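Undergrad: Numbering (the working numbering), first residue to last: 67 to 138. Below are the structure tokens for one structure; questions will follow.
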């Protein structure tokens, strides 16, 4: 991947992260989870970082405490 493409991808990822937080905070956790699924599709390490935390917060909002605990 060239530098320009990497920079564009980084900007898109940053914007998606903002969208995920916006959806969660505004009571759309299922939609936020759908976005997280897209971002983590090819990432086997997502469970140890920021995405895992967001998954946990979203599942908590959905009332799925056991799933939330697994991520938090």
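Virtual Cβ for every residue (Gly too), placed ideally from N, Cα, C. Remember, it's a predicted structure, so these values are computed and weren't measured experimentally.
Who are the near neighbours of residue 119 in its chain, counting only those whose CB is closer than 8 Å to its CB and skipping five residues on each side?
TA: 137, 138
Undergrad: Where does residue 99 land, buried or exposed, given buried means 16+ other C-beta within 10 angstroms?
TA: buried
Undergrad: Pick out whichever of 83, 73, 70 has its Cα sitting closest to the Cα of residue 97.
TA: 83
Undergrad: Note down, in chain order, each residue of its chain lying with its Cβ closer than 7 Å to the Cβ of residue 142, except the 5 sequence neighbours on either side.
TA: With the chain running from 67 to 138 in the structure shown, residue 142 is simply not present.
Undergrad: Looking at the secondary structure, which residues open and close the alpha helix (DSSP H) in which residue 115 lies?
TA: Unbroken run through residue 115: none, as it is neither H nor E.
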